[in-house]
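Residue numbers (my numbering), protein chains in the order written: chain S, 1 to 310; chain Z, 311 to 522; chain E, 523 to 1057; chain R, 1058 to 1149.
The structure is reproduced here in structure tokens:
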């Protein structure tokens, strides 16, 4: 389905169909209502004494039951339709090409796993699922890509994610949709969807100071994480092979060592204590920048991948 | 003055009912006013159970418990005073109202002492806050709620004391009787409500984390 | 006219400033909210002017941000929320139930002065340099990053909140306890059912806003940091607290309008409202279910998917009682004697605009579509159809309808109809293009925007200039009619309610003797003759 | 005319002080997850006593009881729906 405004993912096309459904419902209800309003208002105007006003409807309840049921059924249908797509979008899997996005007043910073960085631009390959992991350095922003019909708030203090799979190459709008201060209206950019070859060429043409994981390793060293999470005297969980594994926690529950868990464990280490360990780690909140945090998490992820390989 | 209803009412009975209903509606409002704080507290306690438990251990439970007993007793005195005012025992009723107001003052005084201790222990977020150990940030959140909640409650107590003092004076002058006692009853409702809020604040602020 | 009425009883200024007469307090509120309406309107005019060009040449971004914040804060808290309850409600409620005043006349005056105090503090914040947070005061922007006078604005709104609570409390108690003998619940005019439902929201939602704003102010002044993410605070907690108030507040703004329209449709169709009990209970249903839907403002905020499903479901449910009302109003016209006096024109406009606003609300309740259009112009258009197309239109309808009762003079019918039609067209031209902008993906709160959106913005601004003129018209002809209008009889519309028993304008204590009610409201004979409630 | 306090008031007062003692005592018992529910249950009992006896709610008509309950009912709505978010927040 193609429309007069671009919709460039399968999700966007599904949303456009949903829009058509909503529009049709609206048009139907409005047409019926306006027809009745005009018809009654004109036919039963006070000046028209000849209109038949006998046999007025006295009992109203079966009318009430009819239109209440009809609206309820229609509304429930629309609810299910919209909910399905929402669950697919935000309950999406965790696979895909990961790109980290950091928002700050008033710019978007993106970091690719290879260490490539860009500002107010996001290059992605065609026909690949891209998964953005987004965090904010100051206030709430919202990553809005109208051509893909999606947006999600970027919230300080936590990470949110957003997945999409572009179906056509081109350049599309990127907007900040959550009001964030003075230059909110200028916190815009471009989404560049490229053929896979072009994308790879673009990746390799960027100036890179090591992959994201390598940058993370540097931060890891600077902050001295290995002092405890290594073979030192203080006992702390090992980082190797940690990512993606289930972790038994001291409150008896089992957590999964995913992005959010690693993030929380660095900035709010007390929130989730691994069973059998002392709550000793200090919070790195405010001591580590968003960029560094992303790099360290990427580094810990890379350790798991290394562990998988023999 | 009190034997005829205000012009918008048919009789004193209606006026009395209106006053009581008005106060109950106002108290429903107050529940939601404190409710906003309780939601925030609950959310953070859910997110940081250990931090909140540890922070709560730093509150002064002896003062808190004594203060609860003081408020409960003053509430009892007010309830008694209202029943006496209706019977026309003006002198004793006035004395009891005044005693309840005095207990309210004692409550505030002890609250002040408690704040002083917390200041000494550097537990005042945004002003002087030092909390050692891993739970520093959630302890900050706990004490923010602690000061806002007890501060807003103390404001209510202070208003209640003034209301009770006025009611005590008027009772002494014999303003209330079996036919006309709406102000005394309504003031009593307010005071009991302040007590009721404190009962919940006590459970949320002083009791967590005592067992460990 | 030698007869003494509430206007001529005592004409000294001081008697107005310290009056406890509900009718005079209503007049004071009229004056105040008219002032605020034009303050908010002036900001809107500048916003529309700025948006004519995509480069934003007229004002800077900081000024623009302050303009839409002023517009939102003033219009929401200082016009829409008090608009019908504090003015028409204040004036009409005691008259409609056959009482001599509200239950708490002094509290009513207190409510007015709290409103003015809050208004002055807010206006001072505006003139001292403004606020740039938007009317939603989202944290952590408002608590840590904003460079505006957040504390002043928040304190102004906080104070005004208590004015709302007192008015709501007064209405609840009055409707429960001061009804004339024989006026049972099912004999209450629907305006009172609506105001009762409104008051329930005012009393139960506003305190949560008060506490939330108090926390924001404490955070800014003392740095208590309850919403500070760096201390483990959750910025979404603010949104939960804020919308727990602010979504029900939308129903505070629309329910009284629905009440007015129920009155107008009955009187000008000369027929009882179709399905009276359904219309009455749907108001209560809206008030209650309205508290279950606030999270639909947060579908993309990082709220959990499960919560999104719950809130979306409840949002569809809350639309059902609104639909019931619309169907019943339409059915009321059936086999009536429909007259097209200005109040009826406003009522018909209300039904159309409100329905469009309500139906577009379904788009926003629908999860996947909301992900696309939330925080775009679609939302702006939607809530202006409800707030301006709905509430303001109903306010003007009610104002014209009860104008003879309030002032004792008739308004000029020709001008009133012209204004009603002009408002309708100006409104649609202003806000319909904004739906299209939203569907095209134009974000809100942007003062510079990609040039492809310009044509719709120009249309919208053109409509706004028509709307501005249309809103000025009633100001002039209504003021004129206060002095030169024809004298109004006690019951110019041939209506059935108790408020039409007493002379226009009413005497100070409303009724010589308390009327006894024997009939349901809106009883008309087959030929359209009124059968008053007390006869 | 008697100046004695009504018996119901005295008993509730003593009951309230007893419950206060009980809640402080149980708070120090290591009951794990039960400490908080017990503390809140005792607080609710105290609140009910205050409302029913001191505030004379037991003698009031249905309207007053409904109004008194409304605040708590709406508070429950707020807690319930807000926690429907917090308890189901996903991890990434």
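Note that the Cβ used here is the ideal one computed from N, Cα and C, for glycine as well.
Inset, instruction - Along the alpha helix (DSSP H) that carries residue 1083 of chain R, what are the first and last residues, could you check? - result: One-based indexing of the fourth chain puts residue 1083 of chain R at position 26. Looking at the DSSP string, the run of the alpha helix (DSSP H) that includes residue 1083 of chain R is 1064–1084.
Inset, instruction - Give the interface partners of residue 317 of chain Z over in chain A, defined as CB-CB distance under 8 Å, in chain order. - result: Absent here is chain A; the protein component of the structure consists of chains S, Z, E and R.
Legend entry - Test item: CB-CB of residue 581 of chain E and residue 969 of chain E under 9 Å: Taking the third chain and counting its residues from 1, one reaches residue 581 of chain E at position 59. Taking the third chain and counting its residues from 1, one reaches residue 969 of chain E at position 447. A contact, by the Cβ cut-off of 9 Å.
Legend entry - DSSP three-state assignment for residue 59 of chain S, whether helix, strand or coil: Sequence index remark: in the first chain, residue 59 of chain S carries index 59 (1-based). It is coil, neither helix nor strand.
Legend entry - Meets three-Cβ-pair contact criterion under 8 Å: the region 632–647 of chain E and the region 721–738 of chain E: no
Inset, instruction - Please state whether DSSP places residue 8 of chain S in a helix, a strand or coil. - result: Stepping through the first chain from its first residue, residue 8 of chain S is reached at position 8. Residue 8 of chain S: coil per DSSP, three-state reduction.
Inset, instruction - Spell out whether any CB of chain R is found under 9 Å from the CB atom of residue 552 of chain E. - result: As a position in the third chain, residue 552 of chain E is number 30, starting the count at 1. So no, residue 552 of chain E is outside the interface.
Inset, instruction - Name the one or two DSSP bridge partners that residue 188 of chain S has. - result: The count along the first chain starts at 1 and reaches residue 188 of chain S at position 188. In the DSSP output, where bridge partners are listed per residue, residue 188 of chain S has none listed.
Legend entry - The alpha helix (DSSP H) enclosing residue 877 of chain E, as first and last residue numbers: Walking along the third chain from the start, residue 877 of chain E turns up at place 355. Residue 877 of chain E -> alpha helix (DSSP H) spans 864–887.
Inset, instruction - May I ask you to list, following chain order, the residues of the region 1076–1088 of chain R that have a beta carbon less than 8 Å from some beta carbon of chain Z? - result: 1077, 1080, 1081, 1084, 1085, 1086, 1087 and 1088
Inset, instruction - Grab me the residues of residue 593 of chain E's own chain with a C-beta within less than 6 Å of its C-beta, minus the 5 sequence neighbours each way, in chain order. - result: Indexing the third chain from 1 puts residue 593 of chain E at position 71. Once the five neighbours on either side are set aside, the close Cβ partners of residue 593 of chain E are 562, 565 and 566.
Inset, instruction - State yes or no: is the beta carbon of residue 1135 of chain R nearer than 9 Å to at least one beta carbon in chain E? - result: The count along the fourth chain starts at 1 and reaches residue 1135 of chain R at position 78. By this cut-off, residue 1135 of chain R is an interface position.
Legend entry - beta strand (DSSP E) runs contained entirely in the region 152–229 of chain S, provided each spans 3 or more residues: 160–164, 170–176 and 189–194
Inset, instruction - Starting from residue 53 of chain S, trace the beta strand (DSSP E) both ways and give me its first and last residue. - result: Within the first chain, numbered from 1, the residue matching residue 53 of chain S stands at position 53. Run containing residue 53 of chain S: none; DSSP gives neither H nor E here.
Legend entry - Rounded separation between residue 788 of chain E and residue 781 of chain E - CA only: Numbered from 1 along the third chain, position 266 holds the residue referred to as residue 788 of chain E. Numbered from 1 along the third chain, position 259 holds the residue referred to as residue 781 of chain E. Distance between the alpha carbons of residue 788 of chain E and residue 781 of chain E is about 11 Å.
Inset, instruction - Check whether the Cβ atoms of residue 208 of chain S and residue 193 of chain S lie closer than 9 Å to each other. - result: One-based indexing of the first chain puts residue 208 of chain S at position 208. One-based indexing of the first chain puts residue 193 of chain S at position 193. No, the Cβ-Cβ distance between residue 208 of chain S and residue 193 of chain S is not below 9 Å.
Legend entry - Where residue 730 of chain E meets chain Z, residues with beta-carbon distance less than 9 Å: Walking along the third chain from the start, residue 730 of chain E turns up at place 208. Within 9 Å Cβ-Cβ: 342, 343, 345, 346 and 349.
Inset, instruction - With hydrogens ignored, establish whether the beta-carbon of residue 158 of chain S is closer than 8 Å to any heavy atom of the ligand HEM. - result: Summarising the ligand content, the structure contains no ligands, and the ligand HEM is consequently not present.
Legend entry - Check whether residue 614 of chain E and residue 851 of chain E have beta carbons under 9 Å apart: Start at 1 with the first residue of the third chain, and residue 614 of chain E comes out as number 92. Start at 1 with the first residue of the third chain, and residue 851 of chain E comes out as number 329. Not in contact: residue 614 of chain E and residue 851 of chain E (Cβ atoms no closer than 9 Å).
Legend entry - Neighbour list for residue 1127 of chain R in chain E, Cβ cutoff strictly below 9 Å: Position 70 of the fourth chain, counted from the first residue, corresponds to residue 1127 of chain R. 722, 725 and 726, listed in chain order.
Inset, instruction - State the CB to CB distance for the pair residue 414 of chain Z and residue 467 of chain Z, rounded to an integer number of angstroms; the pair is presumed to be in contact (CB under 8 Å). - result: Taking the second chain and counting its residues from 1, the one referred to as residue 414 of chain Z is at position 104. Taking the second chain and counting its residues from 1, the one referred to as residue 467 of chain Z is at position 157. Confirmed, Cβ separation roughly 5 Å.
Inset, instruction - Could you name the residues of chain E that residue 181 of chain S contacts, counting a contact when the two beta carbons are closer than 8 Å? - result: Taking the first chain and counting its residues from 1, one reaches residue 181 of chain S at position 181. Within 8 Å Cβ-Cβ: 587, 654, 663, 667 and 668.
Legend entry - Proximity test, Cβ basis, 9 Å: residue 618 of chain E and chain R: Your numbering for residue 618 of chain E matches position 96 in the third chain. For residue 618 of chain E, the answer is no, since every Cβ of chain R falls outside 9 Å of its Cβ.
Legend entry - Stretch pair the region 675–682 of chain E + the region 737–756 of chain E: three plus CB contacts closer than 8 Å: yes
Inset, instruction - With DSSP as the reference, please indicate the residues paired to residue 255 of chain S in a beta bridge. - result: Locating residue 255 of chain S in the first chain gives position 255, counting from the first residue. Looking at the DSSP assignment, residue 255 of chain S forms a beta bridge with S/247.
Legend entry - Local conformation of residue 923 of chain E per DSSP, three classes: Here residue 923 of chain E corresponds to residue number 401 of the third chain, with the count starting at 1. Three-state DSSP puts residue 923 of chain E in a helix.
Inset, instruction - Would you mind working out which of E/532, E/721, E/612 and E/617 sits nearest residue 1056 of chain E, comparing C-alpha positions? - result: Position 534 of the third chain, counted from the start, is the residue given in the question as residue 1056 of chain E. Of the candidates E/532, E/721, E/612 and E/617, the one whose C-alpha sits nearest the C-alpha of residue 1056 of chain E is E/617.
Inset, instruction - Let me know if residue 913 of chain E comes out buried or exposed under the rule of 16 or more other beta-carbons within 10 Å of its beta-carbon. - result: Working through the third chain from its first residue, we reach residue 913 of chain E at position 391. It is buried - the Cβ of residue 913 of chain E has at least 16 other Cβ atoms within 10 Å.
Legend entry - Beta-carbon spacing of residue 157 of chain S, residue 296 of chain S below 9 Å: Residue numbering aside, residue 157 of chain S sits at position 157 when the first chain is read from its first letter. Residue numbering aside, residue 296 of chain S sits at position 296 when the first chain is read from its first letter. No.
Inset, instruction - Spell out whether any CB of chain Z is found under 9 Å from the CB atom of residue 527 of chain E. - result: Within the third chain, numbered from 1, the residue matching residue 527 of chain E stands at position 5. No, residue 527 of chain E lies away from the interface with chain Z (no Cβ there is under 9 Å from its Cβ).
Legend entry - DSSP three-state assignment for residue 44 of chain S, whether helix, strand or coil: The residue given as residue 44 of chain S occupies position 44 in the first chain. DSSP places residue 44 of chain S in coil when its eight states are reduced to three.
Inset, instruction - Give me the Cβ distance between residue 501 of chain Z and residue 463 of chain Z, rounded to the nearest whole Å; I'm assuming they're in contact under 8 Å. - result: Along the second chain, one-based indexing puts residue 501 of chain Z at 191. Along the second chain, one-based indexing puts residue 463 of chain Z at 153. So it is not a contact: roughly 13 Å between Cβ atoms.
Legend entry - CB of residue 450 of chain Z within 9 Å of CB of residue 622 of chain E, strictly: Indexing the second chain from 1 puts residue 450 of chain Z at position 140. Indexing the third chain from 1 puts residue 622 of chain E at position 100. No, the Cβ-Cβ distance between residue 450 of chain Z and residue 622 of chain E is not below 9 Å.
Legend entry - Per-residue DSSP class, three states only, for residue 400 of chain Z: As a working mapping, residue 400 of chain Z is identified with position 90 in the second chain. Helix.
Legend entry - CB contact check: residue 81 of chain S to chain E, cutoff 9 Å: As a first step, residue 81 of chain S is located in the first chain; it is residue number 81 there, counting from the start. True, the Cβ-Cβ gap to chain E drops below 9 Å.
Inset, instruction - For chain S, find out if any of its Cβ atoms is closer than 9 Å to the Cβ of residue 769 of chain E; answer yes or no. - result: To locate residue 769 of chain E, count along the third chain from 1; it is residue 247. So, not an interface residue.
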